[in-house]
Structure formats: C-alpha cells, structure tokens
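Report on the following structure.
Number of protein chains: 2
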Amino acid sequence: MSNPLIRKLEHGAPLSDDDRAVLEAISHKSRRIPTNHDIITEGTRPAAVNLVMRGFACRYKLLSDGKRQITAFLVPGDFCDLNVTQLAEMDHTIGTGWGCDIVEIPGATIDELTRKHPRIARALQWSTLVDEAILRAWLVSMGQRSADKQMAHLICELLVRLQTVGFADADGFDFPLSQLDIGDTLGLSVVHVNRTLQELRGLNLVSWKHKRIHIPDVKRLKSFAEFDPRYLHLNVSRNLPT
Amino acid sequence: MSNPLIRKLEHGAPLSDDDRAVLEAISHKSRRIPTNHDIITEGTRPAAVNLVMRGFACRYKLLSDGKRQITAFLVPGDFCDLNVTQLAEMDHTIGTGWGCDIVEIPGATIDELTRKHPRIARALQWSTLVDEAILRAWLVSMGQRSADKQMAHLICELLVRLQTVGFADADGFDFPLSQLDIGDTLGLSVVHVNRTLQELRGLNLVSWKHKRIHIPDVKRLKSFAEFDPRYLHLNVSRNLPT
DNA sequence: CGCACCGTTGATAATGGTCAACGTTCGTGG
DNA sequence: CCACGAACGTTGACCATTATCAACGGTGCG
C-alpha cells in the first residue's frame, strides 16, 4: 500500500478494506502541476478540493510590500482546502514553486464520502485538527525558538510527516525548495537561513545537498530542536474512542 | 439578543429561531473561572467542550526553558476545544489568567446539536475554519511584520472580533491582560512590548490605560497595521451556498 | 502598611536584517 | 557540445531591531 492519502488517514481512524478501496479510487488519477503555479488564489471562491499526491505545495500570504509568509507545507496525502468550500473566498493562496502531483476532487464527492463512510469522515476531521496543531507548533517555533532550533524543528516535522506517507526514509528526504522558500517559512532572511544551515551542518546535525536533506543522527537533531511529535497526533490506537 | 455564541454563529450560517433557542439553552448557565486557572491541560484527554461567555481565555504552550507562547485568544462566543474530543490528548493548554465565564457542554450535546441542526453544524464548522485563518494571520504577522505593526494588527483583530459579539464598542474594549501576556503572544519581550506601546501611543494610534484599550482613530490604526478583515470571514451573506 | 505584581527606564548585548558582490549550478538555445 | 543567462547559494561588512539585565516607581490587594 503506497497511496499517501490512505497511509495518512490510517493514523486518524481505523479504515476498512472498503474505505481504502474508495480512497484509492478517488486519488489514483493525479495531474502534474507545473513549476511556479498557484493552485488556488487568495480572494477567489474555492470550487473543487485538491489533494497532493507527490511533491510539495504550500499555503502562503503576500504582503503589500512584497514580503511572503508561507503558513503551511502540503505534503503527499494532504488536502489543500478540505472544508474551505464552505467559505466565500480564500484568505490565502495555495501554490507550488516546485512541481507536484495533484488530484482534483469535486466537493460533491467529498460530501458523499463523509456521508457514506463514517470512518473516513472521522479521519478527515482528524486531519484538519492536525493541520491546526501544526500551525500552532509553527507559531510556537517562530515566537520562542532561536533560528537554529526553529529550523531544526521544521526539519524534524517534515521528516516525520514524510515518513508516515512513505516519502522519507530513516535519515532524510528529498526537498526541492530553495533557501528563500525556507526564509519565507521561518520568517528569516535568505542570508540568515544560509548561515543557520551552515551552523547546523557544522554541528553535524543536518546536511542539505542536491535537493536532499540528510540527517546523520535523527535522535540528536530531535533533542536539539526539542521536537515532541505528539502534536502530530499519529498512532491511531490512541485516537480510538474510549 | 446579547448571547455572544449566537451573535457569532449568525456570521457563519443563517440561523432559525429554533436554532437560536437551542443555542441559548445550552449556553445560558456559565460558571466563573478564577484568576490564574487552567481549563484544560496539555497531555490530558479532553472530555467536555468549553465555551467562553465573558472575558478572555487563551491557548498556550510552555517550552522546557519556561518560555510561553500564546497561540490564540478565546473571546466570548469561542469554543475552547470544539472538535478536540476526537483526539487522544491535548497538544496545548487552555487557560485564563484573568478570570472569565465558561460554559461546559458535554460532548454528546454537541454531537446531538450537529445532527439535528444542520445550520448550527454548518456555523460550527465555519467557526473552526475562522480559527485556523486567525492562526495563519498571526503567523504572517509574526514572520513578516515589525513589532509595532504586529501589535497594531492584533489590536485591530481583537476590536473586530469583540465587536461582533458585543464586547467592544466603536473605539475600544476592556482588556484585562498584562504586557507580559502580550509579549508571550507576539513573541516579544515585555520591555519591548512596553516601548512599542509607547510608540503607538506617541503616534496617537492606541492608548491602553486601566485595563481598557482605546483607539482614537480606528481607520488610521487599521491602515497602519494593513489590517484586512476578510480573513475573519464575517458577513454571512457571502458565505451562503451558491 | 507592606508586599506583590506590573509598568517603565537606561545601558548594553545579541540576534538577525540589509546591501553588495561574487561563485555555482542548471536549463536553454545556438 | 558549448555559451549564456537566470536563479540560487555564499560571503563580508555594516546596521536595525529586539533581548537582556538591572533598577526603580506605581498600584492594588490582603
């Protein structure tokens, strides 16, 4: 089983074979999004629901002076805008500067899914709670952690999230973004991202070459970043109703 | 009608008289939370759902070195943990250092509400989307705005949110927090909060005395902060299904 | 009255930003 | 296959913002 959506949702609720078959059916036909393309633009009314199947997308907001803040990375198995069809208009843009594979699912299909498949409905709701938890974790990092720990924390998070969907192995993952993108994520300048990265490399915590992040000693990086993965609410057994 | 929950949810979906009556029934009996008290603690399993009816509560996370990051303010009409009963354990604490009135609603009541009252269900889902949007807005502020604009932006947001539930008037609102709390919200030191506040006062944008924030010229403050209220998704008419 | 807690101020230091230049890589077209 | 240009990464010098430390004043509550 290598469908990232299914792999992810298994963490939110126990799924039946039927659930899995339905999810497989709606997600197998993806299309490639070209580099530097916005999927949904701020201010427009969202129509269909988009699901990332390969690569990275991100949520971001542009300020009037041209500054950009990335507020989320969307990795395989993540929905761009699951419940957002309820709103009149998007308050942020979803884009990808890196090429990724997306499945576009009609809102009606999602509605039907949640009506007929209670376990899927539950898993989807779990996934939006996790999205919110990630946002809170980013806020904590940005507000209270120094640049090096903030960066280390982000890398730990990405490692774990990508591992749960089979897009990272034990000590690293492919990462096509630029240092400028990381700057816009962490609220740091490119220059400082570069220097922080060198510091982490100097400490033998992270190396990043050829669009791949390698982590020599995951445990050390996690403890350096004070990374506590509980906010990702993986491990379905503990999410079962009592 | 001065029930903040109803006033708020009216922005999420059109409610019937019956909807309103049900909401009134579950929310009229609140209890006072004493100063410096946590409502739900990180690591515990959430049971009932808590609703703020008066005053402020906040979500926060503590780091190992004692630093605290506040990730949300909960104002009257806000649920502390609407969907969170789905999760095994809280990934953050909800507390109030300021005394506020809370209604505790059993999870089963909420479930029944959403089953029998589709418009309320819709409004509740809208409210969680808005919570997420606020989180994104805070991240943008923290990452890209200077301390003064960040602070001004927060004050604009609170003004608007409190106005929609009838807890602010046209030019200000009661605000019982300390400057340290604001520091933990904006990721700034107390000293810098103090100086930033003085700067805003010097510019005649905000004054804060006797636990009340006064805004001499709301329009000027909003433009100073580049505050665009659309992320709050108020104004129900634009949220109607097409 | 006295003790906390909060707000305020000044001095000093650290973190991270800006500017400018240069090197490197990679994709494109000749 | 090579030349070119654009985008990205790297470095150094300098500057701005914000943190830290320490002290003191105000205010409100027991």
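So the sequences go chain by chain: S and G.
Each step along the first sequence adds one to the number in our numbering, with nothing skipped, and position 39 is 39.
Each step along the second sequence adds one to the number in our numbering, with nothing skipped, and position 242 is 1242.
For every residue, glycine included, the Cβ atom is placed at its ideal position computed from N, Cα and C.
Distance, residue 231 (chain S) Cα to residue 137 (chain S) Cα: For the purposes of this step, residue 137 (chain S) is taken as the residue at position 137 of the first sequence. For the purposes of this step, residue 231 (chain S) is taken as the residue at position 231 of the first sequence. When rounded, the distance between both Cα atoms is 8 Å.
Residue 235 (chain S) burial status per 10 Å Cβ neighbour count (16 or more: buried): Numbered from 1 along the first sequence, position 235 holds the residue referred to as residue 235 (chain S). With fewer than 16 Cβ atoms within 10 Å of its Cβ, residue 235 (chain S) is classed as exposed.
Own chain, CB closer than 6 Å to residue 1216 (chain G), minus 5 neighbours either side, in chain order: Start at 1 with the first residue of the second sequence, and residue 1216 (chain G) comes out as number 216. The answer, listed in chain order, is 1204.
Delimiting residues of the beta strand (DSSP E) encompassing residue 1037 (chain G): Looking up residue 1037 (chain G) in the second sequence gives position 37. Note, residue 1037 (chain G): beta strand (DSSP E), 1037-1040.
Cβ-based contacts, 9 Å cut-off: residues of the region 165-189 of chain S near chain G: 184, 185, 186, 187, 188
Inter-residue spacing [alpha-carbon to alpha-carbon] between residue 115 (chain S) and residue 1221 (chain G): Indexing the first sequence from 1 puts residue 115 (chain S) at position 115. Indexing the second sequence from 1 puts residue 1221 (chain G) at position 221. About 46 Å.
Extent of the continuous beta strand (DSSP E) to which residue 1053 (chain G) belongs: Position 53 of the second sequence holds residue 1053 (chain G). Segment 1049-1054, the beta strand (DSSP E) holding residue 1053 (chain G).
Residue ranges of each beta strand (DSSP E) within the region 124-190 of chain S, 3 or longer: 172-174
Beta-bridge partners of residue 73 (chain S), as assigned by DSSP: The count along the first sequence starts at 1 and reaches residue 73 (chain S) at position 73. For residue 73 (chain S), which the question treats as bridged, DSSP gives the partners S:58.
Listed by chain order, chain S residues near residue 1143 (chain G) by CB distance under 7 Å: Your numbering for residue 1143 (chain G) matches position 143 in the second sequence. 69, 142, 187, listed in chain order.
Option nearest residue 109 (chain S) by Cα separation, candidates S:101, S:202, S:22: The residue given as residue 109 (chain S) occupies position 109 in the first sequence. Nearest option by C-alpha distance: S:22.
Reduced DSSP category for residue 1016 (chain G) - H, G, I as helix; E, B as strand; rest coil: The residue given as residue 1016 (chain G) occupies position 16 in the second sequence. Coil, per DSSP.
Contact with chain S by residue 1239 (chain G), beta-carbon distance below 8 Å: Along the second sequence, read from residue 1 onward, the residue named residue 1239 (chain G) stands at position 239. Bear in mind that the predicted position of residue 1239 (chain G) carries a pLDDT of just 49, short of 50, making it unreliable; the figure below should be weighed with that in mind. Answer yes: the Cβ-Cβ gap between residue 1239 (chain G) and chain S drops below 8 Å somewhere.
Residue 107 (chain S) and residue 128 (chain S) closer than 8 Å at C-beta: As a working note, residue 107 (chain S) is residue 107 in the first sequence. As a working note, residue 128 (chain S) is residue 128 in the first sequence. Against a cut-off of 8 Å, the Cβ pair of residue 128 (chain S) and residue 107 (chain S) comes out as no contact.
Beta carbon proximity, residue 208 (chain S) to chain G, threshold 8 Å: As a working note, residue 208 (chain S) is residue 208 in the first sequence. So no, residue 208 (chain S) is outside the interface.
Coarse secondary structure for residue 1008 (chain G), derived from DSSP in three states: The residue given as residue 1008 (chain G) occupies position 8 in the second sequence. Helix.
8 Å Cβ cutoff, residue 1084 (chain G) in contact with chain S: Stepping through the second sequence from its first residue, residue 1084 (chain G) is reached at position 84. Any Cβ of chain S closer than 8 Å to the Cβ of residue 1084 (chain G) would place that residue at the interface, and such an atom is present.
Residue 118 (chain S) burial status per 10 Å Cβ neighbour count (16 or more: buried): Taking the first sequence and counting its residues from 1, one reaches residue 118 (chain S) at position 118. Exposed is the label assigned to residue 118 (chain S), since fewer than 16 other Cβ atoms lie within 10 Å of its Cβ.
As assigned by DSSP and simplified to three states, the class of residue 1233 (chain G): Here residue 1233 (chain G) refers to the residue found at position 233 when the second sequence is read from its first residue. If DSSP states are grouped into helix, strand and coil, residue 1233 (chain G) belongs with coil.
Straight-line Cα distance separating residue 1028 (chain G) from residue 20 (chain S): Within the first sequence, residue 20 (chain S) is the residue found at index 20, counting from 1. Within the second sequence, residue 1028 (chain G) is the residue found at index 28, counting from 1. Going by the C-alpha atoms only, they are around 44 Å apart.
Helix, strand or coil at residue 1196 (chain G) [DSSP, three-state]: As a position in the second sequence, residue 1196 (chain G) is number 196, starting the count at 1. Helix at residue 1196 (chain G).
At least 3 beta-carbon pairs within less than 8 Å: the region 152-160 of chain S vs the region 1074-1089 of chain G: no
Per-residue contacts from residue 11 (chain S) into chain G (C-beta, under 9 Å): Position 11 of the first sequence, counted from the first residue, corresponds to residue 11 (chain S). Under the 9 Å cutoff, chain G gives no residues; its nearest Cβ is about 11 Å from residue 11 (chain S).
Sequence-distant residues of its chain with Cβ nearer than 6 Å to residue 113 (chain S) (five each side left out): If you number the first sequence from 1, residue 113 (chain S) lands on position 113. For residue 113 (chain S), where only same-chain residues beyond five positions count, the Cβ hits under 6 Å are 120.
CA nearest to the CA of residue 1087 (chain G), picked from S:26, S:122, S:192: Numbered from its first residue, the second sequence carries residue 1087 (chain G) at position 87. Distance check between residue 1087 (chain G) and each of S:26, S:122, S:192 places S:122 closest, using alpha-carbon atoms only.
Neighbouring residues, chain G, relative to residue 63 (chain S) (Cβ below 9 Å): The residue you call residue 63 (chain S) lines up with position 63 of the first sequence. Within chain G, the residues near residue 63 (chain S) are 1140, 1144, 1145, 1226.
Burial state of residue 59 (chain S) (16 or more Cβ within 10 Å): Stepping through the first sequence from its first residue, residue 59 (chain S) is reached at position 59. When all chains shown are included, residue 59 (chain S) counts as buried.
Chain-ordered chain G contacts of residue 214 (chain S) [CB-CB under 9 Å]: Numbered from 1 along the first sequence, position 214 holds the residue referred to as residue 214 (chain S). In chain order: nothing, as chain G lies at least about 27 Å away.
Residue 85 (chain S): first and last residue of the uninterrupted alpha helix (DSSP H) it sits in: By one-based count along the first sequence, residue 85 (chain S) stands at place 85. Run containing residue 85 (chain S): none; DSSP gives neither H nor E here.
One or two residues paired with residue 1104 (chain G) in a DSSP bridge: Against the second sequence, residue 1104 (chain G) aligns to sequence position 104. As DSSP reads the structure, residue 1104 (chain G) sits in a beta bridge with G:1050.
Chain-ordered chain G contacts of residue 125 (chain S) [CB-CB under 7 Å]: The residue given as residue 125 (chain S) occupies position 125 in the first sequence. Within 7 Å Cβ-Cβ: 1083, 1086.
Within-8 Å CB hit, residue 1157 (chain G) to chain S: The count along the second sequence starts at 1 and reaches residue 1157 (chain G) at position 157. Judged by the 8 Å Cβ criterion, residue 1157 (chain G) is not in contact with chain S.
Minimum C-alpha distance to residue 1181 (chain G) - residue among G:1193, G:1040, G:1171: As a working note, residue 1181 (chain G) is residue 181 in the second sequence. Cα-wise, what sits closest to residue 1181 (chain G) is G:1193.
Anticipated Cβ contact below 8 Å, residue 50 (chain S) with residue 104 (chain S), distance rounded: In the first sequence, residue 50 (chain S) corresponds to position 50, counting from 1. In the first sequence, residue 104 (chain S) corresponds to position 104, counting from 1. Going by Cβ atoms, the distance from residue 50 (chain S) to residue 104 (chain S) rounds to 6 Å, so yes, they are a contact pair.
Neighbour flag for residue 1243 (chain G) against chain S, beta carbons, 8 Å: With chain G covering 1001 to 1242 only, the question about residue 1243 (chain G) has no answer from this structure.
Expected contact under 8 Å - CB spacing of residue 13 (chain S) and residue 1091 (chain G) to nearest Å: The sequence position of residue 13 (chain S) within the first sequence is 13, counting from 1. The sequence position of residue 1091 (chain G) within the second sequence is 91, counting from 1. About 18 Å separates the two Cβ atoms, so there is no contact after all.
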